[in-house]
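Student: Residue numbers (the working numbering), protein chains in the order written: chain A, 3 to 468; chain B, 742 to 1508.
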Amino acid sequence: MLDCYMSSQLRFLLNQEEHFIDQTNLTNTLLEYLREHGSVGTKEGCGDGDCGACTVVIVGNDGKGNTHYQAMNSCLIPLGSVAGKSVLTVEGIAKEGLHPVQEAMIKTGGSQCGYCTPGFIMSMFAAYYSGEKTDLAVEGNLCRCTGYLPIREALQSLSEPSPADPFLDLLKQPLLKQQESEGFYHPETLAEVFDLTKNHPEAHFIAGGTDLGLELSNKTRTFTDFISLERVAELKLIRNDSDALEIGAGIPLSQIETKLHGLFPALDEMIHWFAARQIRNRATLGGNLGTASPIGDLAPVLLALDASLKLADASGERVIPLATYFTGYRQTLLKPGELIVSVIIPKTLSENVSTRHSFSYKVGKRGTDDISIVAAAFCVDLDEQQNIVKARLAYGGVAATPIRALELETYLTGKPWNLETLKEAKRQLAETFTPLSDFRGSANYRNKLIANLFEKFFFQFSEVSA
Amino acid sequence: MASASIDKPNADKPDTKYLGKPRKIIDGLEKIAGRARYVADVVVPGLLHLRPVLSTVAHAKIVSIDKSEAEKVPGVVAILTAADLVTRDRTITSRSDAILAKGKVLFVGQPVVAVVAETEAAAEDAAELVAIEYEELPVNSSVEAASAEGAHVTWPEGLPKGELEVISHAEVEEKEEVETGPITNHYKTSNFNRGDVDAGFAEADAIVETTFNIASQYQGYMETHGCVVEPDALKGGLTIYTTTQAQFGVRNKVADILKLKRSNVKVTAMTVGGGFGSKYGTIEPLAATVAYTINRPVKLILQRGEDLKTTTPAPPTQIKLKLGGKKDGSITALKADIVLDAGAFAFEFGQLTGLLLGSNYKYPALDIEVIEYITNKTEMGAYRAPGAYQSTFAVESSIDDLARKLNLDPVEFRMKNLSGTDDPMANGSPWPSLNIKECLKQMSEHPKWKNQSKEEGEGIGFAVSAWPCALSPSASTCRIDGDGTVKVVVGSTDISGVSSSLVLVAAEILGISPNEVELIQGNTDVGPYAPGSGGSQVTYSVSGAVAAAAEDVKIKLLELAADQLEARVEDIELLNGAAQVKGVPSSAIKIGKLAQIAESSRSAPGPLIGEGRSSIKQNAPGSVAHMVKVKVDKDTGHVKVLDYVAIQDVGYALNPMLVEGQIHGGVVQGIGMGIFEAHVYDSFGQLQSASFMDYALPRTVDVPNIEAIQLNMPSPEGPFGARGVGEPPITAGAAAIGNAIRDAVGVRVTEMPMRPPVVWKAINEQS
Ligand SMILES: Cc1cc2nc3c(=O)[nH]c(=O)nc-3n(C[C@H](O)[C@H](O)[C@H](O)COP(=O)(O)OP(=O)(O)OC[C@H]3O[C@@H](n4cnc5c(N)ncnc54)[C@H](O)[C@@H]3O)c2cc1C
Ligand code: FES
Ligand code: FES
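(1) Checking contacts by CB at 9 Å: is M272(A) closer than that to chain B?
(2) Within the continuous beta strand (DSSP E) that includes A1526(B), where are the two ends?
(3) Tell me, please, whether the segment 972–991 of chain B touches the segment 790–802 of chain B by the rule of three or more beta-carbon pairs shorter than 8 Å.
(4) Kindly indicate if chain A contains any beta-carbon less than 9 Å away from that of H1379(B).
(5) Is the distance from the Cβ of M1368(B) to the Cβ of F1134(B) below 9 Å?
(6) Say yes only if the C-beta of G47(A) is nearer than 8 Å to one or more non-hydrogen atoms of ligand 2, and no if none qualify.
(7) Could you pull out every unbroken alpha helix (DSSP H) segment of at least 4 residues lying fully inside the segment 1385–1469 of chain B, listed in chain order?
(8) Tell me where the beta strand (DSSP E) around S796(B) begins and ends.
(9) Run the proximity test for D50(A): is its beta-carbon closer than 8 Å to any non-hydrogen atom belonging to ligand 2?
(10) Please work out which residues of its chain come closer than 7 Å, Cβ to Cβ, to I1221(B), disregarding the five sequence neighbours upstream and downstream, and give them in chain order.
(11) Taking only the alpha-carbon atoms, compute the straight-line gap between V1371(B) and N1505(B) and give it to the nearest angstrom.
(12) Decide if S356(A) is buried, meaning its Cβ has at least 16 other Cβ atoms within 10 Å, or exposed.
(13) Go to L1260(B), then tell me how far its alpha helix (DSSP H) extends in each direction, as first and last residue.
(14) Alpha carbon to alpha carbon, how far is V913(B) from L1093(B)?
(15) For Q72(A), name the three-state secondary structure that DSSP assigns.
(16) Note down the Cα distance separating Y1(A) from I273(A), rounded to an integer number of angstroms.
(17) So, are the CB atoms of T930(B) and I1112(B) less than 9 Å apart?
(18) State the Cα-Cα distance for the pair T31(A) and N75(A), rounded to the nearest angstrom.
(19) Out of curiosity, what's the CA-to-CA distance linking S909(B) and P879(B)?
(20) Measure the C-alpha to C-alpha separation of Q175(A) and I1250(B) and round it to an integer number of angstroms.
(21) Restricting to Cα atoms, I'd like to know which of P923(B), E1300(B), N1360(B) and E1314(B) is closest to A1345(B).
(22) Assign A745(B) to buried or exposed, taking buried as 16 or more other Cβ atoms, counted over all protein chains shown, within 10 Å of its Cβ.
(23) Could you please give me the residues that DSSP links to V1039(B) through a beta bridge?
(24) In the DSSP assignment, the alpha helix (DSSP H) including D107(A) goes from what residue to what residue?
(25) Please identify, using Cβ separations under 7 Å, the residues of the segment 1379–1406 of chain B that lie next to chain A, in order along the chain.
(26) Using the Cα positions of A1055(B) and E105(A), report the straight-line distance between them to the nearest angstrom.
(27) Give a single yes or no on whether Y117(A) has its beta carbon closer than 8 Å to a heavy atom of ligand 3.
(28) Verify whether the separation of the beta carbon atoms of A85(A) and R37(A) is less than 9 Å.
(29) Looking at ligand 3, does it come within less than 8 Å of R146(A), judged from the CB to the closest heavy atom?
(30) Give the residues from the segment 1018–1047 of chain B that approach chain A closer than 7 Å (Cβ to any Cβ), ordered along the chain.
(31) Hey, W1386(B) and W1190(B): beta-carbon distance below 9 Å or not?
(32) Which residues bound the beta strand (DSSP E) around H893(B)?
(33) I need the boundaries of the alpha helix (DSSP H) containing S1241(B), first residue and last residue.
(34) Given this structure, state the Cα-to-Cα distance separating T1323(B) from K758(B), to the nearest angstrom.
(35) Pull the bridge partners of R1354(B) from the DSSP assignment, please.
(36) Where does V1325(B) fall in DSSP's three states?
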């Protein structure tokens, strides 16, 4: 339970009205707050981040210094994380008559039972201002009635906002002055983080909260204090040099998606398959590696790209290869009070390398927004003669941790990038791991995917056709 | 979005102003503004919150229940077990009257304890602290386990007899069967027989024999089950606000369980966030019994994980199907063994599954047996077109394979054997007006069928099906107010925007703009009786009543106008919201004015109100032909749906926009059940798919372009020729996808859903 301080109250803006948050409620979700305070237009469909019925729009920073609207799942956001922010719900967007996205939905018949509708409307609202008028804008919203076609039609029919649109003005208004709160801390520098960890050793780091929010929403675990990493400047940096790309561990994936697109195809591809828009607006690299799930999707990609992690605690910084980071099922090298500052992906190739091929794959029931049966990422460096200089094959969902096929990688060094090598690689891969069977897929199927995905990669990046 | 509506030349299409024209959903505005009110939004004074504690084991004796820690949570009002309830002496016979477990639990997710507190959070905290000690008993998590030698018997004294629950999804004539022999988990068998099946197979040139396994599937409505129950101290009754497809059904069920007069239970259906066959009163008895016992108002809204565990999904179904045919293109015999996993209580749609399986084609000989088993899972129930999509998957896959084996064109082979009007269903009853063949013909002439273009790994397939559609008596009233507004009152719940069709019916008959018509969904105290909104029957059954009510008030209106205009009734016409002497616009009197006269003049016969009833005798089947193009990834088994054409005989679309919405929605559910959705239990009876992450519904990105083509082939009895439209579109999708996969990679997938591991396995085992 949180300490009960009633003193300084936290504020946030809900549909442009100031709301004060009771200190005892900081781990309640924004959705609970909205529904208890009469904003019942926002719906709960799952409480797990899976359906989008609870979608609201929060004014956020796009990382380039501009404010913009972002759709988020209010069921996963603890109130403590909302402090200082400006939140819009379906009740707040109909100003003079309906909002254009609402008009569009009426016209196409985009609502049947209507339960999913406010969530769609809010995802579309964000899309209206960002210009993302594709299915991706609503991929995190489920609808069981309409079959999505009229919603897709409504989305595609949206025009550009007019310059007089009041919601463009709203974006220009300064954000609320942040306040500090007991129990849910918002440090802005690493130094402040470590001051807090010293005084509150039991406090838990929270970034996007898309893993932790599930536990809060389902009340499966109680926490004492939280240290939010959302505003820590050092975790928001991107350094793109000729030798390496360093990505702050606190940057939401949707920013990586837009700002770093094209640098590493394997990363682009996996982020595309990662959850849905609302989740990617919150989820971070640090959280994904911090959770250390064996089926986390980003670890295989970063392993294949030979990434390192910059870690820090009160005593200083260290850089470790990601390959040594996972020590067991949901266990890592992180010491108590230590956090991931950034992920460093090397760019320089060995001298004799003439081409690099790298890509990633995810197989689930549904493809995107799904738990991987197997996730895989490969990186193969070739010399001019098309011989392998270095290969890295990394997988998720096949062992207790994300893992590389190290023996095979050694074997592949120096081998020609051809069908024969592929054949031998597939033979070895069939025996490399001992995945488990579960209801998502059998051990046998997983083993076959391990080999088949590498084959897919080979045919995608060689002259030979399948 | 391509779509079309095609009138058959022989169709006797009414000449209309509003009906048959696309029109937006009338309550769409509220929904889009976030103002529609669902049950979770209901607040009444003194409201308490109920949290059920659900069984965590599939079969066990309850040794003890310790409430002491839970009772200490501030805000807790009551913690109840079965012994504390007024229903303590009632036998548990079905999922909905398994209010709280007594002595034993039979499935994971069965309510055991009810915690009532002043806030949801307190109830949730306390529920966590209730300690239940179980002595675990053997678990039958599948039919395989339940039918094994020495399997424990869940109901050793035989299945308890409950009152028959009346849910009309489709009309089936019930045959009495008596099980004899020792009591096992096999509790019911139904048979359909015709002709000499052995002789049929003997004369066949080719036979296909395949076992199909179809997973349990969950209806997946976005709003979970929930209700608010308020005891009425004076009447000794209850008011229930709920999300249901059948408010009268809920009223009867709750009243009967609590031994109350039915009229002392008032049920108000709120806006319903989807039902698809599930929302027929699963949890209302629990909330009502608790509220009644403690005499305080309570609210129970299921969390998604609870909803997945404790409601009534569709049954896991195995179908062994053998089909014989001759080179001349005739089918000779069908044999089918259907094995259903009913869950812990009797399933209601077993016989229907067998009936549907043997009815779409003219089989000279057939032998269908449906065997139902009790297992330790929640009761299995209806999901949109129960039995039809499962049987269609087996039949249409087999028909395709047989055509291939006989080297016959799959369209012609079907055309030759498909049932039409008056052909016998599996039970011998003649089909009412049925147009599967016309749908298939339409499909075979479609350019996407005639000029197929496919790339590597792509395939095109199709399937046909039909759904009988239910019908029930219903009634309505229609009144005209002094401001010219027409108010239509019905007792049915609107689960898919049906109200907007009903509004058009009244507007058309009264010659006024639909904007002047308001549809009022009356609760069970004021709304006239209506059937549950299931079985595709609301439009079909209720619109007849609305039409009759509008006609009734129209006569009264004409008589009053004739009197006022000093003309004969036959000479009065209704036009644009006014009554006038035919062809004399200057004589027009607004109908609002007439209503005022009716309300105030002593000489007039009284306010303008009409009533209407309908009791349609004949059901109006909806038929479909679905064509689909898929791409299969041979390395992973992943299937992507690329294109879809859905053709459906809709009879007469009262509101084509709504009908199109039903088709799109049904098609996408069909895609979901075809390639994504499985409700999976492990061998301990634990639900594996207990979230929307693990129970994967299709999303926007998974949906192809869908071309919906509506054939207007009026039904003889339906109002304006309408047919049921809600259920047919879900029936054929999975089968069509299976046939498209066969076309793409040359293998037959016999499991549904056709998820990557399943498809991959088929590819690797069969090729
Ligand atoms: C609907 C849904 C879909 C999802 N889909 C996917 C998917 O496709 N693929 C996938 O891999 N995951 C998925 N996830 C899981 C989750 O979104 C990711 O793991 C995400 O990257 C977590 O980031 P976060 O910032 O939200 O973490 P948080 O929830 O804030 O934190 C997670 C853990 O990491 C710790 N942590 C956070 N930041 C740091 C840091 N800088 N240093 C050290 N520790 C830190 C926290 O203390 C906490 O223990 C999904 C989750 C949901 C709810
Ligand atoms: S309620 Fe389903 S995503 Fe939040
Ligand atoms: S309209 Fe019912 S879930 Fe979307």
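Ideal placement from N, C-alpha and C gives every residue a C-beta, glycine not left out. Owing to the predicted nature of the structure, the values given are computational and were not obtained by experimental measurement.
Tutor: This is what the structure gives:
(1) no
(2) What is shown of chain B runs 742 to 1508, which leaves residue 1526(B) out entirely.
(3) no
(4) yes
(5) no
(6) yes
(7) 1397–1416
(8) That residue, S796(B), is in no beta strand (DSSP E); it is neither H nor E in DSSP.
(9) yes
(10) V1227, V1294, L1298, I1332, A1336 and L1349
(11) 19 Å
(12) exposed
(13) Not the alpha helix (DSSP H): L1260(B) falls in the beta strand (DSSP E), residues V1258 to Q1262.
(14) Any answer about V913(B) is weak, because its pLDDT of 48 lies below 50 and its placement is not dependable; what the coordinates show is given next. C-alpha separation (whole angstroms): 7 Å.
(15) strand
(16) With chain A running from 3 to 468 in the structure shown, residue 1(A) is simply not present.
(17) yes
(18) 10 Å
(19) At S909(B), the pLDDT of 43 sits below 50, so the modelled position is not reliable and the matter cannot be decided from this model.
(20) 54 Å
(21) E1300(B)
(22) exposed
(23) L789(B) and V970(B)
(24) Going by the sequence as given, residue 107(A) is Met instead of Asp. Unbroken alpha helix (DSSP H) run through M107(A): P102 to T110.
(25) H1379, M1398, G1402, H1405 and G1406
(26) 37 Å
(27) yes
(28) no
(29) yes
(30) Q1044 and R1045
(31) Note that residue 1386(B) is Val in the sequence shown, not Trp. Closer than 9 Å, so yes.
(32) H893(B) -> no beta strand (DSSP E), and no H or E assigned at all.
(33) V1239 to L1251
(34) Sequence inspection shows Lys at residue 1323(B); the Thr mentioned does not correspond to that position. In a straight line, the C-alpha of K1323(B) is about 18 Å away from that of K758(B).
(35) A1216(B)
(36) coil
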